[in-house]
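**Student:** Here it is, the structure in full.
Protein chains: 2
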Amino acid sequence: MTIAEYLIRAIHTTGTRHVFGIQGDYVLNFYSKLSQSGLAVINTCDEQGAGFAADAYARLTGFGVVCVTYGVGGLKLVNTTAQAFAELAPVLVISGGPGLSERQGDPLLHHKVRSFATQLNVFREVTAAQAVLDNPKTAAAEIDRVIKAMHETKRPGYLELPRDLVDADAAEPGVLPQERLATTKAAIAEPLSKVLEMLAGAKSPMIMAGVEVHRFGVQQQLLDLLDRSQFPFVTGVLGKSVVSENHPQFVGVYAGAMSPDDIRHTVEGADCVVVIGPLITDLSTGVFTHQIDPAHAIVLMPDTLMVAGVSYPGIDMQEFLAALIAALPTHAQARQAIKRHALPPFVPERGKAITMDRLMTCVNTFLSDDTTVIAEPGDALFAGLDLRVHAMNEFLSCAYYASLGYAVPAAIGVQLAAPHRRPLVLEGDGSFQMTGMELSTAARYGLSPIVVLLNNGGYGTFRPMLDGAMNDIHPWQYAEVVRVIGAGKGFVVATEDELARAFEAAMGNTASPTLIEVRLDKYDGSARLKELTAKLKRRVR
Amino acid sequence: MTIAEYLIRAIHTTGTRHVFGIQGDYVLNFYSKLSQSGLAVINTCDEQGAGFAADAYARLTGFGVVCVTYGVGGLKLVNTTAQAFAELAPVLVISGGPGLSERQGDPLLHHKVRSFATQLNVFREVTAAQAVLDNPKTAAAEIDRVIKAMHETKRPGYLELPRDLVDADAAEPGVLPQERLATTKAAIAEPLSKVLEMLAGAKSPMIMAGVEVHRFGVQQQLLDLLDRSQFPFVTGVLGKSVVSENHPQFVGVYAGAMSPDDIRHTVEGADCVVVIGPLITDLSTGVFTHQIDPAHAIVLMPDTLMVAGVSYPGIDMQEFLAALIAALPTHAQARQAIKRHALPPFVPERGKAITMDRLMTCVNTFLSDDTTVIAEPGDALFAGLDLRVHAMNEFLSCAYYASLGYAVPAAIGVQLAAPHRRPLVLEGDGSFQMTGMELSTAARYGLSPIVVLLNNGGYGTFRPMLDGAMNDIHPWQYAEVVRVIGAGKGFVVATEDELARAFEAAMGNTASPTLIEVRLDKYDGSARLKELTAKLKRRVR
């Protein structure tokens, strides 16, 4: 078996069925083999689009792959890989490389920067494991090591394949040692009894679920815990939709001061909070304005437990949840009424100019069980937090690292990973100008995302912090993009009734992308955005 | 004086008048000050476009600046900065950063990857000097140090400014020590006499000029040497247009086996070659097929001289050239006839399908003294090598690092650096899909590049190496892009007469961008491309 064959088999073994990328001569031979391997190779417009698409794919399936050429391909992926690292999306970056024989004498080969190690050094900073497959004897073992590290950390990995080793014979690797130690029951017993005691004594206990619930595979356990306890629950921003938001115990998305009052009161008035997966970031907490008293908190991290401020390292989230669910008395009903935050129904008013709030109300009405919302950082995300998402994992955003340009390419990854789903992209005008042309890729592969483009004439998130002409961008006729890519339907809407009609048409167009440009006032913004930017403004100067 | 004021003054001192970039909250305050500083701040669609534009600007003016936010901005610039590093374009990357006060306790701030040092570590790999301006006492000195290193190495630099130090008082720096040692006359004397002897005895001496002639500022000296010696000369690929190609002694662009026969015979038949600036790369030499015997070569590098295979380290290119010109006997005329490689005149044939060769003949006819050609890597570059460029520095390409997506953003940098010039972009269809929408930026700032888009239905450079459906891309209606950006003129041409008419219209449209989509056969390619890809094919597998 050659190194290429081994690598392709390893990709298959992860369950992945799609690889995103753009070829180049250093990766051409491997890329050609990939294309013939039964894996679908998805060619994006730019490598950046491939990186973001693979990230979204990884969030849905647990593994994403992007394959590019050396230097000019790989180094375009640094930002997308950094985001995957920060937000726990296991994306494998495969880069071709100059052949070992070509490297002799250190010549100036095209796409080389400082040395042949430059790209590897850069990726050390943004991936959990790396390998240059420059030795046929160890290549297979190195592939296994990198993929194993990705599964364990949920972070990206990097493999570089010199082009003259693509067809080299790979030695079969030995079995990798199982390094993970099982948690002993003894370690769990003490904190478990303390947790049961806290929960038994609580009058208004609740659960807060973070994105780790999804990344570390404890969604079913969360559902079991909710069922057993009957506690109300919220999610964090990144954790939005880790389980269906139609769940009867769901309250809303909590983000500190950047939350509607009803959600804030439920969380901050609780006398005991079980936090499962606490990725505490500035944007997810309204700039660290979350008010959860550690003395009343039980915090489950992937490999550490905190109970009322006492830390129990080495306790596995999954095992502890299993023990907790087994030990918890079954409650027939909630101890308190569940106050769910809800958006009103949308009845379009003819000729009325659209606002962000009303737009989100409209979007909410059109959500179905199959809709996956992908929200670009900015008000698309913050206003989108109150949408009621029907099913598990149907809301995607890069709410921590927050790279603009994510949403449109992510829609490609989403619909390839889950073909029965309909991506609904909430997109800004500034970010659309970065990567929006990847709608071309969606059209090419027969996908049908609906892009709702919030056109507020520039970088609207910055206006409340520091305004000026620098926040304006060049106005595009966004709906004309469908002419350029030769596919899809485009709409421009400014009033509520136009919006409703465009949405109906979009839902009916399942054959190609739809773009709805929504003209908004330059200074319009959601309540959540106003709260956040007021906080951030103080840090700007 | 604050750190921001000091940095802005330092940028002014370099002579730069434009800064390219996109803001974000970590850089918002500094960006706002930049916008009010008298420097023009050019807001591109994506950071990638800003990086490429700044690179082209630096190639023309000697210094470029790109200013972005932390993480999501900076890490999108890794590839463009890598190219600037490889090809000696001094681009200063200024990134905002989280405030020092915000970093305390190592919180999860948005745009953070592994640690607050991640971005700095990445840029260490692709810049010549770096500094995080985290100390008001040393910030000014650090700014000076980084800019000085850029001037000396002609490579990019990196400055990161924590947002809470933008308005901090900067201590005035001391005077930087002059580290460079002047070459002593004694060191020059011996090799100079040897060089004079070689030249005196040569029957068919010639000169080959590389890109370093431009980067290290010896263009006038090259002209003096040409005048004094009357030798014929060629340039390398990257060195194309270091002096006007209308110079009577100019033969053509030499690229090893990837050269027309007449040029190859002139160079390879010479009995003595003076090579000034020998950046010997694979793409510039037809994959190392250049045939210049070291025993007959005099090679001037920025700080080393090689004479007939003997190395004289520490000899400065500029000083040696001055001594050589002074010592060289004046020749009234060439010792040999100059055989210049020329393109025939273009007389369009009605209804005849366009080929690459004929397209270049047409482009050549339309070149004027003000036209700056920017050629995208691929056949746009290779076929473009035989264009006769009228004036100095009027041909730009990234012929070594060869990142796709360079040409359109580069045109923005070119026309802002030299407003009297008209950029003529030779662009591929694949690369246009990466960054072509930056035509929006050109339109926004009143620029008028002419983009000649060679539409051969995909990644045509790879087809001769390894063909397959993977080399196809989604067909765009490229000319419709002018509708999206709401400016410019678009043409689609397939025949010679259509091409000529579109070119005439383009020359007349000096108010906005023009895009001419030229439909070419999928397998058409220039003679130079065929030669190169035949060589590269052997390395692909």
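Line by line, the protein sequences give chains A and B.
Read in order, the letters of the first sequence are residues 1 to 541 in this note's numbering.
Read in order, the letters of the second sequence are residues 1001 to 1541 in this note's numbering.
Beta carbons are placed, not taken as given, at the ideal position from N, Cα and C, and that holds for glycine.
Predicted model, so just to flag it, every value in this text is computed and none were measured.
#1: Across which residues does DSSP place A:Leu161 in a beta bridge pair?
#2: State the CB to CB distance for the pair A:Glu517 and A:Tyr478, rounded to an integer number of angstroms; the pair is presumed to be in contact (CB under 8 Å).
#3: Using 8 Å as the threshold, is the stretch 199–206 of chain A in touch with the stretch 227–241 of chain A, meaning 3 or more CB pairs across them?
#4: How long is the line joining the alpha carbons of B:Gly1097 and A:Leu225, rounded to whole angstroms?
#5: Roughly how many whole angstroms lie between the Cα atoms of A:Ala171 and A:Met1?
#6: Nearest to A:Ile42 by CA position, among A:Ile292, A:Leu416, A:Val253, A:Ala334, is which residue?
#7: Please tell me whether B:Leu1279 has its Cβ less than 8 Å away from any Cβ of chain A.
#8: Does any C-beta atom of chain B lie closer than 8 Å to the C-beta of A:Phe462?
#9: Taking A:Asn455 and A:Asp521 to be in contact with their CB atoms under 8 Å, please state how far apart those CB atoms are, rounded to whole angstroms.
#10: Closer than 8 Å, CB to CB, is B:Gln1433 near chain A or not?
#11: Who does A:Phe250 pair with in a DSSP beta bridge?
#12: Less than 8 Å between the C-beta atoms of A:His214 and A:Val242, yes or no?
#13: How is B:Val1367 classed by DSSP in three states: helix, strand or coil?
#14: From B:Glu1438 to B:Ser1035, what does the alpha carbon distance come to, in whole angstroms?
#15: May I ask you to list, following chain order, the residues of the stretch 1094–1114 of chain B that have a beta carbon less than 9 Å from some beta carbon of chain A?
#16: Excluding five sequence neighbours on each side, which residues of the same chain lie with their C-beta closer than 6 Å to the C-beta of A:Thr372?
#17: Taking Cβ to Cβ, would you say A:Pro513 is nearer than 8 Å to A:Ser431?
#18: Using a Cβ-Cβ cut-off of 8 Å, state whether A:Pro294 counts as contacting chain B.
#19: Name the two residues that bound the continuous alpha helix (DSSP H) containing B:Asn1029.
#20: What does B:Cys1045 touch in chain A if you count any residue whose Cβ is under 7 Å from its own?
#21: Taking 8 Å as the threshold (beta carbon to beta carbon), is A:Ile473 in contact with chain B?
#22: Using a beta-carbon distance below 8 Å, is A:Thr441 in contact with chain B?
#23: Closer than 8 Å by beta-carbon distance: list the chain A residues that pair up with B:Asn1003, in chain order.
#24: Please list, in chain order, the residues of the stretch 1480–1506 of chain B that have any C-beta partner in chain A closer than 7 Å.
#25: State the start and end residues of the unbroken beta strand (DSSP E) segment that holds A:Gln130.
#26: Is it right to say B:Ala1141 is buried, meaning 16 or more other beta carbons lie within 10 angstroms of its own, or is it exposed?
#27: With a threshold of 16 other CB atoms inside 10 Å of the CB of A:Gln83, please say whether the residue is buried or exposed.
#28: For the beta strand (DSSP E) that contains B:Glu994, what are its first and last residues?
#29: Closer than 9 Å by beta-carbon distance: list the chain B residues that pair up with A:Phe382, in chain order.
#30: If you drop the 5 nearest sequence neighbours on each side, which residues of the same chain put their C-beta closer than 7 Å to that of A:Val482?
#31: Given that B:Ala1402 touches chain A, what residues does it touch there, using C-beta distances under 7 Å?
#32: How about A:Arg388: is its Cβ closer than 7 Å to a heavy atom in the ligand MN?
#33: Tell me the rounded alpha-carbon separation between A:Ala443 and A:Leu404.
#34: Does the distance from the CB of B:Ala1187 to the CB of B:Gly1314 come in under 8 Å?
#35: What is the rounded straight-line gap between the Cα of B:Asp1472 and the Cα of B:Ala1326?
#36: Would you say B:Phe1231 lies against chain A (beta-carbon separation less than 8 Å)?
**Tutor:** Reading off the structure:
#1: In the first sequence, residue 161 of chain A corresponds to position 161, counting from 1. Note: A:Leu161 sits in a beta bridge opposite A:Gly96.
#2: Working through the first sequence from its first residue, we reach residue 517 of chain A at position 517. Working through the first sequence from its first residue, we reach residue 478 of chain A at position 478. With 8 Å as the limit, A:Glu517 and A:Tyr478 qualify as a contact, their Cβ atoms being about 4 Å apart.
#3: yes
#4: Position 97 of the second sequence, counting from 1, holds the residue named residue 1097 of chain B. Position 225 of the first sequence, counting from 1, holds the residue named residue 225 of chain A. About 41 Å.
#5: What you label residue 171 of chain A is simply residue 171 of the first sequence in a count that begins at 1. What you label residue 1 of chain A is simply residue 1 of the first sequence in a count that begins at 1. Taking the straight line joining both Cα atoms gives about 8 Å.
#6: In the first sequence, counting from the first residue as 1, residue 42 of chain A sits at position 42. The candidate whose alpha carbon is nearest that of A:Ile42 is A:Leu416.
#7: Taking the first residue of the second sequence as 1, we reach residue 1279 of chain B at position 279. Interface residue, yes.
#8: One-based indexing of the first sequence puts residue 462 of chain A at position 462. It does: the Cβ of A:Phe462 has a partner Cβ on chain B nearer than 8 Å.
#9: Taking the first sequence and counting its residues from 1, one reaches residue 455 of chain A at position 455. Taking the first sequence and counting its residues from 1, one reaches residue 521 of chain A at position 521. Not quite, the Cβ-Cβ distance comes to about 10 Å (not below 8 Å), so this is no contact.
#10: Locating residue 1433 of chain B in the second sequence gives position 433, where the first residue counts as 1. Closer than 8 Å to some Cβ of chain A, the Cβ of B:Gln1433 qualifies, so yes.
#11: In the first sequence, the residue the question calls residue 250 of chain A occupies position 250. Paired residues: A:Phe233.
#12: Here residue 214 of chain A corresponds to residue number 214 of the first sequence, with the count starting at 1. Here residue 242 of chain A corresponds to residue number 242 of the first sequence, with the count starting at 1. Cβ atoms of A:His214 and A:Val242: closer than 8 Å.
#13: The count along the second sequence starts at 1 and reaches residue 1367 of chain B at position 367. One detail in the question is off: residue 1367 of chain B reads as Leu in this sequence, not Val. Note: B:Leu1367 maps to coil in three-state DSSP.
#14: Position 438 of the second sequence holds residue 1438 of chain B. Position 35 of the second sequence holds residue 1035 of chain B. Their Cα atoms are separated by approximately 20 Å.
#15: Pro1098, Gly1099, Ser1101, Glu1102, Pro1107, Leu1108, Leu1109, His1110, His1111, Lys1112, Val1113, Arg1114
#16: In the first sequence, residue 372 of chain A corresponds to position 372, counting from 1. Take A:Thr372, set aside five residues on each side of it, and the residues of its chain with a beta-carbon closer than 6 Å to its own are Glu394, Val414, Arg421, Pro423, in chain order.
#17: Numbered from 1 along the first sequence, position 513 holds the residue referred to as residue 513 of chain A. Numbered from 1 along the first sequence, position 431 holds the residue referred to as residue 431 of chain A. Contact: no.
#18: On the first sequence, residue 294 of chain A is found 294 positions in, with the first residue counted as 1. Taking Cβ atoms only, chain B never reaches closer than 8 Å to A:Pro294, which makes this a no.
#19: Locating residue 1029 of chain B in the second sequence gives position 29, where the first residue counts as 1. Following the DSSP letters along the chain, one finds B:Asn1029 inside the alpha helix (DSSP H) bounded by residues 1028–1035.
#20: The residue labelled residue 1045 of chain B in the question sits at position 45 within the second sequence. Simply Gln433, Met434.
#21: As a working note, residue 473 of chain A is residue 473 in the first sequence. For A:Ile473, the answer is yes, since a Cβ of chain B falls inside 8 Å of its Cβ.
#22: Stepping through the first sequence from its first residue, residue 441 of chain A is reached at position 441. Yes, contact with chain B.
#23: The residue labelled residue 1003 of chain B in the question sits at position 3 within the second sequence. Per the sequence shown, the amino acid found at residue 1003 of chain B is Ile instead of Asn. Correct list: empty, because the minimum Cβ distance to chain A is about 13 Å.
#24: Glu1480, Val1481, Arg1483, Val1484, Ile1485, Gly1486
#25: Within the first sequence, the letter at position 130 stands for residue 130 of chain A. Unbroken beta strand (DSSP E) run through A:Gln130: 129–132.
#26: Within the second sequence, the letter at position 141 stands for residue 1141 of chain B. B:Ala1141 is buried by the Cβ-count criterion.
#27: Residue numbering aside, residue 83 of chain A sits at position 83 when the first sequence is read from its first letter. Buried, since its Cβ has 16 or more Cβ neighbours within 10 Å.
#28: The question about residue 994 of chain B has no answer, for chain B in this structure spans 1001 to 1541.
#29: By 1-based counting over the first sequence, the position of residue 382 of chain A is 382. Chain B residues near A:Phe382: none, gap ~12 Å exceeds 9 Å.
#30: Stepping through the first sequence from its first residue, residue 482 of chain A is reached at position 482. Scanning its chain for C-beta atoms nearer than 7 Å, with the 5 sequence neighbours on each side dropped, one finds around A:Val482 the residues Gly488, Lys489, Gly490, Leu515, in chain order.
#31: Counted from its first residue, the second sequence places residue 1402 of chain B at position 402. Chain A residues near B:Ala1402: Val72, His110, His111.
#32: In terms of ligand content, the structure shown is empty, and the ligand MN therefore cannot be addressed.
#33: Position 443 of the first sequence, counted from the first residue, corresponds to residue 443 of chain A. Position 404 of the first sequence, counted from the first residue, corresponds to residue 404 of chain A. Approximately 21 Å, taken between the alpha carbons.
#34: In the second sequence, residue 1187 of chain B corresponds to position 187, counting from 1. In the second sequence, residue 1314 of chain B corresponds to position 314, counting from 1. A contact, by the Cβ cut-off of 8 Å.
#35: Reading the second sequence from its first residue, position 472 is the one you call residue 1472 of chain B. Reading the second sequence from its first residue, position 326 is the one you call residue 1326 of chain B. Cα-Cα distance, rounded: 56 Å.
#36: For the purposes of this step, residue 1231 of chain B is taken as residue 231 along the second sequence, with counting starting at 1. Judged by the 8 Å Cβ criterion, B:Phe1231 is not in contact with chain A.
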